[in-house]
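In full-length UniProt numbering, the protein residues as written are 1 to 532.
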């Protein structure tokens with residue numbers, strides 16, 4: 001038997017009264033989190049959820065996320081975390097594609113109506129029969145008529161539960177990931193994938209339950225980075241997870257100082273934001289004294305940002321690399337060694353990496369300048385894409401090697417350096433954006449004849465989404481009107497902030513749009529604005 005929920009349960013037995021989760025004035029011990037998770041498990045079993053059933057979770061960084069997450073696992077079910085920025089149409093797709101039978105969603109507020117979008121998606125997904133809304137006050141009713149809240153659903157249920165026995169190779173989590181063509185695909189991650197990737201934090205970060213860390217949780221927990229490196233690793237080693245529902249640099253600095261945060265992990269834009277939020281009266285010395293470990297991933301960390309963090313905060317950032325399909329961590333800077341800005345480190349314990357030819361599985365001949373596609377094999381590689389055997393066969397060979405789609409070089413000491421992406425995936429602020437999905441939506445606009453979506457460089461977000469558009473004859477559509485329309489159709493991290501109307505698009509002889517020519521020919525970037 002192996003169940004990922006054991007990460008919580010082992011720490012409950014060892015440290016029941018230790019703070020597990022902090023959100024502002026709210027502090028929950030390990031015993032309290034476990035008891036609440038047991039109620040969720042009892043609820044699911046009561047409503048007919050069985051081992052292997054899929055249960056979706058759409059919640060920002062709140063104590064409810066780990067409570068529901070581990071409750072689903074305890075019931076033997078599979079967690080399907082959903083991005084809280086998804087619109088109703090997108091929620092419906094994820095529920096139907098994953099065969100989810102139940103959905104837990106935070107109610108949200110006017111500017112982020114998570115519950116309303118979840119309800120809209122739920123109503124379109126026939127197989128999903130249970131919807132529970134999570135409210136800030138567990139005892140408060142939902143603002144939507146006729147919708148059951150989590151508080152109402154678990155009232156009076158036992159706080160003890162015998163965790164369902166699952167196998168190490170059973171699916172624990174389905175993470176929806178990119179694909180540069182078509183719709184998002186669900187990466188099936190086994191219990192052992194997720195557990196081992198969390199436990200390797202002992203070697204990667206020097207985690208020790210005898211000297212527990214205090215983690216600042218600003219990475220979204222529905223994303224693999226925050227889920228493994230902060231939540232699961234933190235719970236595995238008896239740490240305290242300090243949550244911020246949304247990354248705001250000034251609030252993050254205040255929380256780091258107030259809670260004496262020792263472990264911070266973020267995407268590059270977060271470090272960029274922290275630097276901009278430092279004030280003259282910020283106690284930088286206290287900040288640096290507390291911080292034992294700072295970690296970056298999600299996209300390449302600019303060397304200049306790394307250097308400025310070292311100069312102004314006096315801390316070095318350990319960089320790593322991974323994908324949702326690899327649970328996610330595949331390589332990392334070795335713990336205790338001086339950082340190498342620009343490098344994603346070496347393969348983590350139990351994982352192999354090599355460079356292969358982009359058009360085959362053959363390993364390339366190594367030299368310091370040789371560039372190949374990263375392939376990964378080890379305990380972290382997913383089972384496959386849910387219900388997509390053909391797509392799985394394209395990325396995993398019969399020896400268990402997973403091809404990443406990322407191009408890199410390797411130095412003579414085994415350190416890897418990302419140099420490019422072999423496909424058109426856009427990474428905006430750490431979120432994967434699939435160009436074809438955006439194009440499909442844009443083409444539903446009656447004034448658009450043809451479009452190509454690319455990522456262009458952006459100083460804070462890494463990449464910004466830009467759409468090149470050929471209009472229908474006679475159209476008077478403006479850039480502002482199209483951006484406003486797109487914003488209403490898709491999640492806020494997806495819609496293009498930049499639009500350029502063109503008469504033609506560069507193409508090959510076969511009609512394939514040359515997106516790299518579009519990127520090369522543009523110098524436009526978008527400023528960072530509130531809510532961008």
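We put the beta carbon where it would ideally sit given N, CA and C, even for glycine.
Predicted model, so just to flag it, every value in this text is computed and none were measured.
Inter-residue spacing [alpha-carbon to alpha-carbon] between residue i and residue j
i	j	result
residue 459	residue 519	15 Å
residue 371	residue 419	8 Å
residue 66	residue 80	13 Å
residue 161	residue 488	43 Å
residue 455	residue 32	44 Å
residue 323	residue 330	8 Å
residue 131	residue 194	26 Å
residue 486	residue 493	11 Å
residue 317	residue 27	29 Å
residue 208	residue 444	53 Å
residue 395	residue 353	14 Å
residue 68	residue 35	11 Å
residue 260	residue 50	41 Å
residue 154	residue 168	29 Å
residue 333	residue 415	8 Å
residue 8	residue 60	20 Å
residue 163	residue 240	23 Å
residue 450	residue 471	7 Å
residue 500	residue 479	7 Å
residue 346	residue 406	15 Å
residue 235	residue 411	35 Å
Simplified DSSP state of residue i, which is helix, strand or coil
i	result
residue 177	strand
residue 3	coil
residue 94	helix
residue 487	helix
residue 520	helix
residue 223	coil
residue 269	helix
residue 256	helix
residue 9	helix
residue 218	coil
residue 511	Residue placement at residue 511 is flagged as unreliable, the pLDDT there being 42, under the threshold of 50; a coordinate-derived value is accordingly withheld.
residue 194	helix
residue 347	strand
residue 125	coil
residue 201	helix
residue 168	coil
residue 49	coil
residue 37	helix
residue 241	strand
residue 75	coil
residue 282	coil
residue 415	coil
residue 44	helix
Continuous alpha helix (DSSP H) stretch holding residue i: start and end
i	result
residue 548	Lying outside 1 to 532, the shown extent of the chain, residue 548 is not represented and no answer is given.
residue 303	303–313
residue 393	389–395
residue 432	Segment 431–433 is the beta strand (DSSP E) holding residue 432; no alpha helix (DSSP H) there.
Buried versus exposed call for residue i [16 or more other C-beta atoms within 10 Å across all chains shown]
i	result
residue 158	exposed
residue 267	buried
residue 38	buried
residue 359	exposed
residue 58	buried
residue 543	Absent from the structure is residue 543, since the part of the chain shown begins at 1 and ends at 532.
residue 179	Its pLDDT being 44, under 50, residue 179 is placed unreliably in this model, and the value from its coordinates should be taken loosely. Label assigned to residue 179: buried.
residue 139	exposed
residue 311	exposed
residue 136	exposed
Element boundaries [beta strand (DSSP E), containing residue i]
i	result
residue 462	462–471
residue 81	78–81
residue 293	293–296
residue 132	130–134
residue 320	317–322
Cβ-Cβ distance between residue i and residue j below 7 Å
i	j	result
residue 299	residue 427	yes
residue 536	residue 249	With the chain running from 1 to 532 in the structure shown, residue 536 is simply not present.
residue 306	residue 350	no
residue 82	residue 94	yes
residue 467	residue 496	yes
residue 30	residue 6	no
residue 191	residue 165	no
residue 448	residue 433	no
residue 44	residue 75	yes
residue 417	residue 297	no
residue 198	residue 233	yes
residue 55	residue 77	yes
residue 121	residue 146	no
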